[in-house]
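Here's the structure we're looking at; comments come further down.
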Amino acid sequence: PKPSTPPEPPAGSGTGRRVVYSLGQKRVWLMDVRGMPVRTFTVWPGTVSPDPGAYAISQRVPATTGSDGTKIEHIMYFAGKAGIFIAFSNAVDGASPPPVAPDVKTGGVRTGKADGAALWTFAEKGTRVVVVA
């Protein structure tokens, strides 16, 4: 069988070097300066999602413990909503996030371990993040 082709980044997701995060597809694209995807991967969104729009990586933290008690690494904050910080990260052990109670608010957008490392290398402080529906 032919390997599947990764989906193209959504229309209207900007130009140039950036991170594109599709809320509907639960997917991230790392776009180079020519606007070509260098990597794409699915993510596990938190319970609080950012509004569509343009943001930037505002802070990077190598490792900490997430609000769900999981040890996480490659934390990159880029937005906030309703008092919740929204950031990309991955679990140190590479696991998907555990289910949370319906009333718990989390802003972590979790990636797989290898994808988190690639995102960490790609997205320095100030890197544009474009969130699309």
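Every number in the numbering used here is 949 more than the matching position in the sequence shown, counting from 1.
No residue lacks a Cβ here, since even glycine has one placed at the ideal position from N, Cα and C.
Model, not experiment: these values are computed from the prediction.
- Taken through DSSP and simplified to helix, strand or coil, Gly1002 comes out as strand.
- Excluding its 5 nearest sequence neighbours in each direction, Pro958 has C-beta neighbours in its own chain below 7 Å: Val969, Trp978, Met980 and Pro986, listed in chain order.
- For the pair of segments examined, the stretch 1047-1058 was found not to touch the stretch 1067-1078: the number of CB pairs separated by less than 8 Å stays below three.
- The secondary-structure analysis by DSSP pairs Gln1008 across a beta bridge with Tyr1026.
- Between Lys1020 and Val1041, the C-beta spacing is below 8 Å.
- Shown here, Lys1062 sits in a helix according to DSSP, grouped into three states.
- The alpha carbon of Lys1062 has as its nearest neighbour, out of Arg983, Asp1000 and Gly1043, the alpha carbon of Gly1043.
- Assignment of Thr1076 by DSSP, reduced to helix, strand and coil, places it in the coil class.
- For Ala1036, the uninterrupted beta strand (DSSP E) run begins and ends at Ile1033 to Ala1040, by DSSP.
- Residue environment analysis places Asp1064 among the buried positions, since at least 16 neighbouring C-beta atoms fall within 10 angstroms of its C-beta.
- Contact check for Phe1027 against Ala1005 passes: the beta carbons are separated by less than 8 Å.
- Taking every protein chain shown into account, the CB of Pro1046 has 16 or more other CB atoms within 10 angstroms, so this residue is buried.
- The three-state reading of DSSP puts Leu1068 in helix, counting H, G and I together.
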